[in-house]
Amino acid sequence: MHRYFLKEYGSWGVMTMAYLTGLVAAPQVNMKAFAGFFALAFLINAKQAATIWMRTAAEKGIAPGIIFAIQILIASALLFPLYQQYDFLSLLPFAVFPASYLLSLKVFGEHAIITEVLGFVLLSLAALAAKAIVGSGLDTNLFIVIAVFFVAGVFRVRIQLRKKIRYRVVMFCYVGVAAGFFYLMGYRTVLLLPLVDNLVFALTLYRVGLQATGWIEMAKGFAFLLLIAAFGY
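If you read the sequence shown in the working numbering, its first letter stands for residue 4, the second for the next number, and so on.
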């Protein structure tokens, strides 16, 4: 069964940070928050079974398909408080994100940049779910702010793995556009302060291992959480 455990620790870290940020923005915590966290954990882990299912021949794909379905059903049951508080139509627009990710995963593969970007956007929904499930409303602005911040990590890792000039240019453009977008939308640009590391890395390509990069990204996520706690968004 260990092959069905998702070993993408960066994904787990982003989901956890996004969820905690949602609770900080709420700001309240109750038993529903714990149920919501476990529900999202099942949903994220279901990606592993989904990937195996897509790569397996039809006659041998029954087991991963069943495991994928079971995890989705468990997550859906744990998210029942969310369905009680919000009507189907208000939740339906957010279904486009998991649908888009699964489609991209199938068409382009899990390592395509569009798939990775959509994956981080999907993980950012954890913040919206956290705030909503404790009864503080569906906050689209919070979701946008968190998605913009964490998607920068996709390009940060791309630069480290490929070291191509185009990704370094994209990183500078992304942070610049993100800052302009925050300003125009009235979001607090100070929240993007941790992304200074992305710019420094894109400029200097300072030497650091992938494991250390993971910890750096976690530290930046925690700094982002503290900035939201201090300044709002």
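C-beta: ideal position from N, C-alpha, C; glycine also.
Got a sec, what are the start and stop residues for the alpha helix (DSSP H) D142 sits in?
Stepping through the sequence shown from its first residue, residue 142 is reached at position 139. First-last for D142: undefined, no H or E at that position.
Considering Cα atoms alone, identify which of I73, R169, V151, L194 is closest to L233.
Translated into positions along the sequence shown, residue 233 becomes position 230. Looking at the sequence itself, residue 233 is Ala, so the reference to Leu does not match. Checking every option, the nearest Cα to that of A233 belongs to L194.
Relative to the alpha-carbon of T207, which residue among A181, K167, T192, K223 has its alpha-carbon at the smallest distance?
As a first step, residue 207 is located in the sequence shown; it is residue number 204 there, counting from the start. The shortest Cα separation from T207 among A181, K167, T192, K223 belongs to K167.
Measuring straight from C-alpha to C-alpha, what distance separates V160 and K50?
Sequence index remark: in the sequence shown, residue 160 carries index 157 (1-based). Sequence index remark: in the sequence shown, residue 50 carries index 47 (1-based). Going by the C-alpha atoms only, they are around 20 Å apart.
Select from L198, M57, S14, Q74 the residue whose C-alpha is nearest the C-alpha of G112.
Translated into the one-based positions of the sequence shown, residue 112 becomes position 109. Nearest of L198, M57, S14, Q74 to G112, Cα basis: M57.
Under a three-way DSSP split, which group does K10 fall into?
Locating residue 10 in the sequence shown gives position 7, counting from the first residue. Reduced to three states, the DSSP call for K10 is coil.
Taking C-alpha atoms, which residue in Y12, S103, V137, G179 lies nearest to M34?
The residue you call residue 34 lines up with position 31 of the sequence shown. Answer by Cα proximity: V137.
Give the straight-line distance between the Cα atoms of L43 and M174, rounded to the nearest whole angstrom.
Residue numbering aside, residue 43 sits at position 40 when the sequence shown is read from its first letter. Residue numbering aside, residue 174 sits at position 171 when the sequence shown is read from its first letter. Rounded to the nearest angstrom, the gap between the Cα atoms of L43 and M174 is 29 Å.
Which residues in the same chain have their Cβ closer than 7 Å to the Cβ of K3, if we skip the five residues on either side of it in sequence?
This structure leaves residue 3 out entirely; the chain is present only between 4 and 236.
Excluding the 5 residues flanking Y236 on each side, which residues of the same chain have their C-beta closer than 8 Å to its C-beta?
Start at 1 with the first residue of the sequence shown, and residue 236 comes out as number 233. A28, N144, L145, V148, Y190, R191, L194.
Would you kindly report the start and end of the unbroken alpha helix (DSSP H) that includes F175?
Start at 1 with the first residue of the sequence shown, and residue 175 comes out as number 172. According to the DSSP assignment, F175 belongs to the alpha helix (DSSP H) that extends over 168-188.
Just the C-alpha distance for L228 and G156, rounded to the nearest angstrom, thanks.
Counted from its first residue, the sequence shown places residue 228 at position 225. Counted from its first residue, the sequence shown places residue 156 at position 153. About 15 Å.
Return the Cβ separation of P67 and I77 in integer angstroms, given the expectation that the two are a contact with Cβ distance under 8 Å.
On the sequence shown, residue 67 is found 64 positions in, with the first residue counted as 1. On the sequence shown, residue 77 is found 74 positions in, with the first residue counted as 1. P67 to I77, Cβ: 16 Å. No contact.
Starting from the C-beta of A115, find all residues in its chain whose C-beta is less than 8 Å away, skip the five residues before and the five after it, and write them out in chain order.
Taking the first residue of the sequence shown as 1, we reach residue 115 at position 112. If we look at A115 and ignore the five residues flanking it on each side, its Cβ neighbours are S107.
Since F255 contacts A53 with CB under 8 Å, what's their CB separation in whole angstroms?
Any property of residue 255 remains undetermined from this structure, which presents the chain solely from 4 to 236.
Where does Y170 land, buried or exposed, given buried means 16+ other C-beta within 10 angstroms?
Counting from one through the sequence shown, the residue named residue 170 turns up at place 167. So Y170 counts as buried.
Between the beta-carbon of F158 and the beta-carbon of L125, is there less than 8 Å?
As a working mapping, residue 158 is identified with position 155 in the sequence shown. As a working mapping, residue 125 is identified with position 122 in the sequence shown. Cβ atoms of F158 and L125: not closer than 8 Å.
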